[in-house]
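Trainee: Mind looking over this structure? Questions follow.
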Amino acid sequence: EELFERIMVVTRVQGLDVSFDSRPHQDPAIKGTYSGKSIWVRPEESRAQQLKTLLHEVAHYYSENVFRIPRRDAETIAESVAFTVGAHFGFDSGVRSFSYVALWAEDKKVLEANLAAIRKISTKMFDALESIKTGATSKR
Numbered sequence: 693e694e695l696f697e698r699i700m701v702v703t704r705v706q707g708l709d710v711s712f713d714s715r716p717h718q719d720p721a722i723k724g725t726y727s728g729k730s731i732w733v734r735p736e737e738s739r740a741q742q743l744k745t746l747l748h749e750v751a752h753y754y755s756e757n758v759f760r761i762p763r764r765d766a767e768t769i770a771e772s773v774a775f776t777v778g779a780h781f782g783f784d785s786g787v788r789s790f791s792y793v794a795l796w797a798e799d800k801k802v803l804e805a806n807l808a809a810i811r812k813i814s815t816k817m818f819d820a821l822e823s824i825k826t827g828a829t830s831k832r
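Numbering (the numbering used here), first residue to last: 693 to 832.
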């Protein structure tokens, strides 16, 4: 619950609009979306799934090239960052994260090619989330 609250504070500080509105016609396999400064998270999901989705979508936000790189890279990076950041704070998203990365990466070379971006974005998110404890926050 604390990590959920922290990530919500980060989204507010970054000026992101997060919505949990019901979208009954949205493909149920889609747990959330990111576009510009907007994040949508499926409200029917468990709090744990919502947290994992928020971490994933915020990782897209922190990835400056999200709309200029192949989708397989963008999704591999975002999910790997969500897993890494979640694990750092004691949140295990492994079951869903591993299968999601495997689906998008298809080949370990895709994951390997994106390790620097995963590390960079994870560090940005660690810093943003850690700053919530001290009250010190900064923009991207």
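Yeah, the Cβ is synthetic: ideal placement off N, Cα and C, and Gly gets one too.
In the DSSP output, which residue or residues are listed as bridge partners for V733?
Mentor: Partner residues in the beta bridge of V733, as assigned by DSSP, are G724.
Trainee: Quick one: measure Cβ to Cβ for K708 and Y754, integer angstroms, because I've assumed they're closer than 8 Å.
Mentor: The question names Lys, but residue 708 in the sequence shown is Leu. Contact doesn't hold; Cβ gap of about 11 Å is too wide.
Trainee: If I'm right that V773 touches I824 with Cβ under 8 Å, what's the distance once you round it to whole angstroms?
Mentor: With 8 Å as the limit, V773 and I824 do not qualify as a contact, their Cβ atoms being about 17 Å apart.
Trainee: Quick check: the stretch 760-772 against the stretch 785-795, are at least 3 beta-carbon pairs closer than 8 Å?
Mentor: yes
Trainee: Where do the ends of the alpha helix (DSSP H) carrying S789 lie?
Mentor: Where S789 is concerned, the enclosing alpha helix (DSSP H) stretches over 786-797.
Trainee: Please list, in chain order, all residues of the same chain as N806 whose beta carbon is under 6 Å from its beta carbon, the five residues on each side excluded.
Mentor: D765, T768, I769
Trainee: Rounded to whole angstroms, what's the CA-CA distance from S711 to A808? Just pull it up for me.
Mentor: 30 Å
Trainee: Looking only at its chain, what residues have a beta carbon closer than 7 Å to the beta carbon of R739, apart from the 5 residues adjacent to it on each side?
Mentor: F696
Trainee: Whole-angstrom Cβ separation of G786 and E749, contact assumed at under 8 Å?
Mentor: With 8 Å as the limit, G786 and E749 do not qualify as a contact, their Cβ atoms being about 19 Å apart.
Trainee: Quick one: what does DSSP say V710 is sitting in, helix, strand or coil?
Mentor: strand
Trainee: Using the C-alpha atoms, what's the distance from T745 back to I731?
Mentor: 10 Å
Trainee: Tell me which same chain residues have a C-beta within less than 8 Å of the C-beta of I699, skipping the five on either side of it?
Mentor: L743, L746, L747, V750, L821
Trainee: Could you give the first and the last residue of the continuous alpha helix (DSSP H) run that contains V701?
Mentor: 694-705
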